[in-house]
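Here is the structure we will look at, set down as structure tokens.
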Amino acid sequence: MGKCRTIEIGERFGRLEVMSCSFRPHHFVCRCDCGKESNVLKYNLLNGVSTQCCDCNRHTKKPKKDYLRKRFGHWKVLSYLGRGRWEIRCDCGKKKETSTYAITAMKSNLNWSCAKCAQAYRIDRERLVLIKAGLTAGLNQPAIAQLLNLTSERIGQIIKVYLK
Ligand SMILES: [Zn+2]
Ligand SMILES: [Zn+2]
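Counting the sequence shown from 1 gives a position; my numbering is that position plus 67.
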């Protein structure tokens, strides 16, 4: 097709500045903004494949799976900390650090939460069984609340969360 575009000395491609022709065929010596010089293939410069040196590449490399701002169970992913570590926040507000590996393993678990919440949810699920039994037996919400030593609002909350 068209003629090969030439590359000028001093031209910039992302963080790379073309310094000179390389002794390697089809390569140019480029200096990255970080100061590192390397031989870069002309094709990679023109196609936007190479925009910085390999050191910088390694630092800005995106995690394999982008979990950023996604929600898994009761956790929300807040930020990527680098080296396969993430900061996540439970619905209750508790934050913690976790690994890509942990997220991958737990992501299909809709009940995934912090330990404290997990215990609360477990208790609520047990209560729900009793609430259901009470409703089936024809008791109304205030009566069930009295039996379980909870407020009627709390019963309503549990029903709302778990009986959807
Ligand atoms: Zn660099
Ligand atoms: Zn929590």
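Quick reminder that beta carbons are idealized off the backbone N, C-alpha and C, glycines included.
Closest to residue i by C-alpha separation, out of the options, would be which residue?
| i | options | result |
| --- | --- | --- |
| A182 | A200, T167 and H141 | H141 |
| L112 | T203, H93, E154 and F80 | F80 |
| Q119 | K137, R98 and I74 | R98 |
| R189 | C121, R72, C123 and I225 | I225 |
| K174 | K137, E220, D122 and I74 | K137 |
| A172 | Q186, F139 and R221 | F139 |
| K109 | F95, D100, D122 and S166 | F95 |
Drop a sphere of 10 angstroms on the beta-carbon of residue i, count the other beta-carbons inside from all chains shown, and report buried for 16 or more, exposed for fewer.
| i | result |
| --- | --- |
| F90 | exposed |
| A212 | buried |
| S117 | buried |
| L230 | exposed |
| Y134 | buried |
| V228 | exposed |
| M68 | Low confidence applies to M68: its pLDDT is 40, below 50, so where it sits in the model is not reliable enough to give any reading. |
| I76 | exposed |
Could you tell me if the beta carbon of residue i falls within a distance shorter than 6 Å of some heavy atom in ligand 2?
| i | result |
| --- | --- |
| K161 | yes |
| S146 | no |
| S180 | yes |
| C88 | no |
Relative to ligand 1, is the shortest distance from any of its heavy atoms to the C-beta of residue i smaller than 6 Å?
| i | result |
| --- | --- |
| K174 | no |
| C97 | no |
| C101 | yes |
| C123 | yes |
| Q119 | yes |
Of all Cβ atoms in chain D, is any one closer than 7 Å to the Cβ of residue i?
| i | result |
| --- | --- |
| C97 | No chain D appears in this structure, which consists of one protein chain only. |
Subject >> contact_flag[the region 154-171, the region 179-196] where n(CB pairs < 8 Å) is 3 or more >> reply: yes
Original post:
Does the region 144-155 come close enough to the region 90-109 to have 3 or more Cβ pairs within less than 8 Å?
Top reply: no
Original post:
Looking at C-beta atoms only, is the number of pairs between the region 191-203 and the region 212-231 that lie closer than 8 Å three or more?
Top reply: yes
Original post:
Below 8 Å, can you find three or more Cβ-Cβ pairs linking the region 111-129 to the region 159-175?
Top reply: no
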